[in-house]
Amino acid sequence: VASHCVSLGMQSETVQKRVSERVAEARISVIALPHTNLFLQGRDFATATPRGLTAVSNLRKAGVKVAFGADNLQDPFNPIGRGDPLESAGLAILTSHLLPNDAFDSVSTVARQVMGLATAGPHVGATANLMLTQAGSTREAIANTPPRNLVLYKGQITHSLLVTGN
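Here's what the structure looks like:
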């Protein structure tokens with residue numbers, strides 16, 4: 016697994032495609048971390064500021080698994096980092112032109128695959144790692160980042176806004 020890889024995003028399309036094919040052949044997955052790189056990269060550019068992102072489109076076209084995440088949380092490298100997967104999905108949409116469902120997959124299913132973790136979610140036999148939120152669609156959940164009504168980690172409730180009782 017390689018993370019950041021922002022230098023690749025600064026290369027010509029020819030170089031991006033060649034490197035992406037080699038990364039795919041080597042079965043290397045990539046984790047894009049736009050929160051930190053958008054903050055850090057391009058500070059010294061008055062115009063044509065670099066995006067601070069790897070070559071997501073060419074990597075995906077070559078068959079590379081590309082996940083999105085956040086690696087710096089409220090520190091000198093990212094003073095506002097929250098580690099929110101819905102926020103990361105939103106940045107995947109804005110920076111890489113992913114559709115909402117693909118962006119959500121990049122912070123959930125693909126992220127778990129990249130990390131070598133078992134499938135999670137509301138499926139029989141899957142790891143019970145999930146969050147419940149009120150939204151009419153994946154796009155709406157990413158756009159509004161509503162409160163998480165329930166969060167399960169390994170089947171245990173770690174956060175709940177649900178009211179129970181008689």
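Take any residue in the sequence shown, note its place counting from 1, add 15, and you have its number in the working numbering.
The C-beta atom is built at its ideal place from N, Cα and C for all residues, glycine as well.
In this structure, how does DSSP classify ARG37 when only helix, strand and coil are distinguished? In the three-state scheme derived from DSSP, where H, G and I count as helix and E and B as strand, ARG37 is classed as helix.
Identify the continuous beta strand (DSSP E) that holds THR148 and give its terminal residues. Its beta strand (DSSP E) spans residues 145-148.
Expressed to the nearest angstrom, what Euclidean distance is found between the alpha-carbon atoms of ILE95 and PRO49? So the alpha carbons of these two residues sit roughly 13 Å apart.
What residue range is occupied by the uninterrupted beta strand (DSSP E) comprising ASN52? Taken as a continuous stretch (DSSP letters only), ASN52 belongs to no beta strand (DSSP E), being part of the alpha helix (DSSP H) at 49-55.
Based on DSSP bridge pairs, tell me the residues matched to VAL166. BP columns for VAL166 point to MET146 and HIS174.
Sorted by chain position, which residues of the same chain lie with C-beta nearer than 6 Å to GLU36's C-beta, five sequence neighbours on each side aside? So the qualifying residues of the chain are ALA77.
Could you work out which residue in HIS112, GLY140 and SER27 is closest to GLU75 when comparing CA atoms only? Looking at the sequence provided, one finds Arg at residue 75 rather than Glu. Out of HIS112, GLY140 and SER27, HIS112 has the C-alpha closest to the C-alpha of ARG75.
VAL81 - containing alpha helix (DSSP H), residue span: If you look at VAL81, you'll find it isn't in any alpha helix (DSSP H); it sits in the beta strand (DSSP E) that goes 81-83.
Determine the contact status of ALA133 and SER121, defining contact as a CB-CB distance below 9 Å. No, Cβ-Cβ distance for ALA133 and SER121 is not below 9 Å.
Of the listed residues THR142, PHE83 and ILE157, nearest to THR148 (C-alpha basis): Per the C-alpha coordinates, the member of THR142, PHE83 and ILE157 positioned closest to THR148 is ILE157.
Look up ILE157 in the DSSP assignment and say whether it is helix, strand or coil. DSSP places ILE157 in helix when its eight states are reduced to three.
DSSP bridge partner residues for ASP90 (one or two, in chain order): Answer is ASN93.
Can you tell me which of ASN144, THR142, ALA141 and PRO161 puts its alpha carbon nearest to the alpha carbon of ALA150? Nearest of ASN144, THR142, ALA141 and PRO161 to ALA150, Cα basis: PRO161.
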